[in-house]
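Peer 1: Counting in our numbering, the sequence shown runs from 3 upward without gaps. No residue lacks a Cβ here, since even glycine has one placed at the ideal position from N, Cα and C.
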Amino acid sequence: MCPTERQVFIEHLEHYAKESDYPGLDVFICTADPYKEPPIDVVNTALSVMAYDYPTEKLSVYVSDDGGSQLTLFAFMEAARFASHWLPYCKKNKIVERCPKAYFASNPSWFPETDQIKSMYERMRDGVENVVKRGSSSHDYIPDQREIEALSRWTDEFTPQNHPPVIQVLLERGKDKDITGHDMPNLVYISREKRMDSAHHFKAGALNVLLRVSATMTKAPVILTLDSDMYSNDPQTPLRVLCYLLDPSMDPKLGYVQFPQIFHGINKSDIYGGELRHVFQVQMSGMDGLAGPQHVGSGGFFRRKIFFGGPSETPEMNQDQLTSKSIRSREVLAMAHHVAGCNFENQTKWGTKMGFRYGSLVEDLYTSHQLQCEGWKSINCKPKRPAFLGNSPLNLHVLLNQTTRWSVGLLEIAFCKYSPIIYGVRSINLLSGLGFAYYAFWPVWSIPLTIYAFLSQLALLNSASIFPKVCISSMVL
Numbered sequence: 003m004c005p006t007e008r009q010v011f012i013e014h015l016e017h018y019a020k021e022s023d024y025p026g027l028d029v030f031i032c033t034a035d036p037y038k039e040p041p042i043d044v045v046n047t048a049l050s051v052m053a054y055d056y057p058t059e060k061l062s063v064y065v066s067d068d069g070g071s072q073l074t075l076f077a078f079m080e081a082a083r084f085a086s087h088w089l090p091y092c093k094k095n096k097i098v099e100r101c102p103k104a105y106f107a108s109n110p111s112w113f114p115e116t117d118q119i120k121s122m123y124e125r126m127r128d129g130v131e132n133v134v135k136r137g138s139s140s141h142d143y144i145p146d147q148r149e150i151e152a153l154s155r156w157t158d159e160f161t162p163q164n165h166p167p168v169i170q171v172l173l174e175r176g177k178d179k180d181i182t183g184h185d186m187p188n189l190v191y192i193s194r195e196k197r198m199d200s201a202h203h204f205k206a207g208a209l210n211v212l213l214r215v216s217a218t219m220t221k222a223p224v225i226l227t228l229d230s231d232m233y234s235n236d237p238q239t240p241l242r243v244l245c246y247l248l249d250p251s252m253d254p255k256l257g258y259v260q261f262p263q264i265f266h267g268i269n270k271s272d273i274y275g276g277e278l279r280h281v282f283q284v285q286m287s288g289m290d291g292l293a294g295p296q297h298v299g300s301g302g303f304f305r306r307k308i309f310f311g312g313p314s315e316t317p318e319m320n321q322d323q324l325t326s327k328s329i330r331s332r333e334v335l336a337m338a339h340h341v342a343g344c345n346f347e348n349q350t351k352w353g354t355k356m357g358f359r360y361g362s363l364v365e366d367l368y369t370s371h372q373l374q375c376e377g378w379k380s381i382n383c384k385p386k387r388p389a390f391l392g393n394s395p396l397n398l399h400v401l402l403n404q405t406t407r408w409s410v411g412l413l414e415i416a417f418c419k420y421s422p423i424i425y426g427v428r429s430i431n432l433l434s435g436l437g438f439a440y441y442a443f444w445p446v447w448s449i450p451l452t453i454y455a456f457l458s459q460l461a462l463l464n465s466a467s468i469f470p471k472v473c474i475s476s477m478v479l
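(1) Quick one, are the C-beta atoms of G286 and Q260 less than 9 Å apart?
(2) Could you tell me which of D236, K386, L401 sits nearest to R393, measuring between CA atoms?
(3) So, for M186: in the same chain, excluding its five sequence neighbours on each side, which residues have a beta-carbon less than 7 Å away from its beta-carbon?
(4) So what does DSSP say about L27, is it helix, strand or coil?
(5) Given a cut-off of 9 Å on the beta-carbon distance, is the pair A206 and T369 in contact?
(6) Measure the CB-CB distance between P262 and R100 and report whether it falls below 9 Å.
(7) Tell me the DSSP secondary structure of T182 in three-state form.
(8) If we call anything under 9 Å between Cβ atoms a contact, is Y56 one with Y24?
(9) What ranges does the alpha helix (DSSP H) occupy inside the segment 200-244, keeping only unbroken runs of at least 4 residues that lie completely in it?
(10) Can you list the beta strand (DSSP E) stretches of 3 or more residues lying completely in the segment 344-419, in chain order?
(11) So, under 8 Å CB-CB, P167 and R194 are touching, yes? Tell me the CB distance rounded to an integer number of Å.
(12) In its own chain, which residues sit with a C-beta less than 6 Å from the C-beta of Q321, not counting the 5 before and 5 after it?
(13) Taking the alpha carbon of H14 as the reference point, which residue from G411, V243, P388 has its own alpha carbon closest?
(14) Taking its Cβ as the centre, do 16 or more other Cβ atoms sit within 10 Å of R407, making it buried, or is it exposed?
(15) With Y441 as the anchor, note down where its alpha helix (DSSP H) starts and where it stops.
(16) With the cut-off set at 9 Å, would you say V364 and R305 are in Cβ contact?
(17) Tell me whether F265 sits in a helix, a strand or coil according to DSSP, three-state version.
(18) Give the range of the alpha helix (DSSP H) segment to which Q72 is assigned.
(19) In chain order, what residues of the same chain have a beta carbon less than 8 Å from the beta carbon of M232, not counting five sequence neighbours either side?
(20) Would H17 be called buried (16 or more neighbouring beta carbons within 10 Å of its own) or exposed?
(21) Alpha carbon to alpha carbon, how far is Q9 from R279?
(22) Taking contact to mean 3 or more Cβ pairs, one atom from each stretch, closer than 8 Å, check whether the segment 111-120 and the segment 145-158 are in contact.
(23) Between S409 and the rest of its own chain, which residues show a CB-CB distance below 6 Å, the 5 nearest in sequence each way excluded?
(24) In angstroms with no decimal places, state the Cα-to-Cα distance between F76 and H399.
(25) Does the distance from the C-beta atom of C383 to that of G426 stay below 9 Å?
(26) What are the boundary residues of the beta strand (DSSP E) that G288 is part of?
(27) Please work out which residues of its chain come closer than 8 Å, Cβ to Cβ, to Q372, disregarding the five sequence neighbours upstream and downstream, and give them in chain order.
(28) Comparing C-alpha positions only, which one of V45, L412, V171 sits nearest to I31?
(29) Any idea if W447 is buried or exposed, counting beta-carbon neighbours within 10 angstroms, 16 or more meaning buried?
(30) Is the Cβ-Cβ distance between L189 and V171 less than 9 Å?
(31) Assuming V334 is part of the alpha helix (DSSP H), what are its boundary residues?
(32) Mapping DSSP to helix, strand and coil, what is Q260?
(33) Can you name, in chain order, every residue of its own chain whose Cβ lies under 6 Å from the Cβ of A103, other than the five neighbours on each side?
(34) Sorted by chain position, which residues of the same chain lie with C-beta nearer than 8 Å to G267's C-beta, five sequence neighbours on each side aside?
(35) Beta carbon of I97, beta carbon of A342: below 9 Å?
(36) Would you report the Cα separation of I468 and F443, rounded to the nearest angstrom?
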């Protein structure tokens, strides 16, 4: 480990680039179950990043609904309408807390429009929650014919495990305006095709579909991945990232900037260790001084090109490569539906040499390990104000399910052909390889810990000592 602390000065960014020269930013938000991950929480996450202090013409938000639920699509139809009021309200009043749920729960400062905006948010929230309770949306409350046609795709044959791709452009910059007449960022809903006889590869598969669909629409050089509950807590976060990505003195092999996962709602003592501070803060700072920290599933800003080869294999993407076609055009939507198909990856390198890697339930660690083996580096960015805030497991059942999934996924990494203890040590360096190996073998540590926990008590009950006595000659050795 080589602990490293970094600090950026956003005010100096203007010396390196004008706003017009900022790279495009595609935000990927993943959700999978409207009952485990309430759509209103996903909406709050999306609204918080749509309100970033970033040029609107360079910002796009893609929502991956791996549960294929019309409830989630309905929620984002409502969110798109609310966004036309929320975004100008945040920017006009320089709001820092741009997640509506968190903002209104924090006793905000009063502005002339505050009561009206709060009332609109509560109506949207109640409408979405009522639809989730009913289990279906009603066309009576949808004013847009295009939205009615989109929701009509959910037929009796449409199931979460068996359905065609659904791609709905909810907002398009240049065409959709807020109440002040300014452009709003792109907002796109995506539910990839799923068939019972095709492997879907869980979250890694969903992220790869987002990579391909976004490439047909906006193809931004920078990508942010977020979990559904991990909302933005700082509207200047993208500018902090640009301080690294645009700094000519930085290593050209820098592939991504990772922010730690910080959780809200945890008591100060955190006696159950729900914050996982040793994983998301202590160890990530230690890895930062080596080849860089691992990706932790959310809060990572990636250069798009790192998913398509090593540093010497992929050219820098310039702004001229950004698509200028309307993302609602038939040609673009037809290509987007094609790349979201479940058979598109057959006989390709997706999941092995391209995109997020398949082979482990813990796709974040597995992918970041292989990216570093290819030569890419990363940076841990830990500002004083957390960039993102999320929910920790709220009950024992959720915690056990999460721990089981992590344990299985980590062991898949530990004993695969790309095991950090062998492949990682050889491809990155000794310390980084051992750092990744520590995570990969994390489930195994429970065995000696459990033995030690019981052994000392059993020894006490039987009046035995588990340690040798000082007088024994072996102690000299």
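Peer 2: A quick look at the data gives this:
(1) The residue asked about is misnamed: residue 286 is Met in this sequence, not Gly. Yes. Within cutoff.
(2) Reading the sequence as shown, one finds Asn at residue 393 and not Arg. The residue from D236, K386, L401 with its alpha-carbon nearest to that of N393 is L401.
(3) The residues are T58, A85, S86, L89, L173, R175, D178, K179, D180.
(4) L27 falls in the strand class under three-state DSSP.
(5) Taking 9 Å as the cut-off, the beta carbon of A206 is found closer than this to the beta carbon of T369.
(6) Not closer than 9 Å, so no.
(7) Of the three classes helix, strand and coil, the one that applies to T182 here is coil, per DSSP.
(8) Yes, Cβ-Cβ distance for Y56 and Y24 is below 9 Å.
(9) Counting only runs of 4 or more residues that sit fully inside the segment 200-244, the alpha helix (DSSP H) segments are 204-219, in chain order.
(10) Counting only runs of 3 or more, we get 379-382, 390-393.
(11) By a beta-carbon distance limit of 8 Å, P167 contacts R194. Their separation comes to about 6 Å.
(12) With a pLDDT of 48 at Q321, under the threshold of 50, the modelled position of that residue is not reliable, and the figure given next carries that caveat. Within the same chain, Q321 has no close Cβ partners at all.
(13) Closest by alpha carbon: V243.
(14) So R407 counts as exposed.
(15) Note, Y441: alpha helix (DSSP H), 432-442.
(16) Not a contact, by the Cβ cut-off of 9 Å.
(17) Strand.
(18) In the DSSP assignment, Q72 falls within the alpha helix (DSSP H) that extends over 72-94.
(19) Excluding sequence neighbours, M232 sits near T47, Q263, S300, G301, F390, L391, G392.
(20) Flag for H17 reads exposed.
(21) In a straight line, the C-alpha of Q9 is about 20 Å away from that of R279.
(22) For the pair of segments examined, the segment 111-120 was found not to touch the segment 145-158: the number of CB pairs separated by less than 8 Å stays below three.
(23) Only P445 meet the Cβ criterion.
(24) H399 has its alpha-carbon roughly 29 Å from the corresponding atom of F76.
(25) Contact flag unset, no.
(26) DSSP places G288 outside any beta strand (DSSP E); the residue lies instead in the alpha helix (DSSP H), whose first and last residues are 285-289.
(27) Excluding five sequence positions before and after Q372, the CB atoms of its chain that fall closer than 8 Å to its own CB belong to R359, Y420, given in chain order.
(28) Nearest C-alpha to I31: V45.
(29) So W447 counts as exposed.
(30) Closer than 9 Å, so yes.
(31) V334 -> alpha helix (DSSP H) spans 332-341.
(32) Of the three classes helix, strand and coil, the one that applies to Q260 here is strand, per DSSP.
(33) One point to set straight first is that residue 103 is Lys, not Ala, in the sequence displayed. Excluding sequence positions up to five before and after K103, its CB lies within less than 6 Å of the CB of N46, all in the same chain and listed in chain order.
(34) Taking C-beta separations shorter than 8 Å and ignoring five residues to either side along the sequence, the partners of G267 in its chain run N393, S394, following chain order.
(35) For I97 and A342, no; Cβs fall outside 9 Å.
(36) Between I468 and F443, the C-alpha separation is close to 26 Å.
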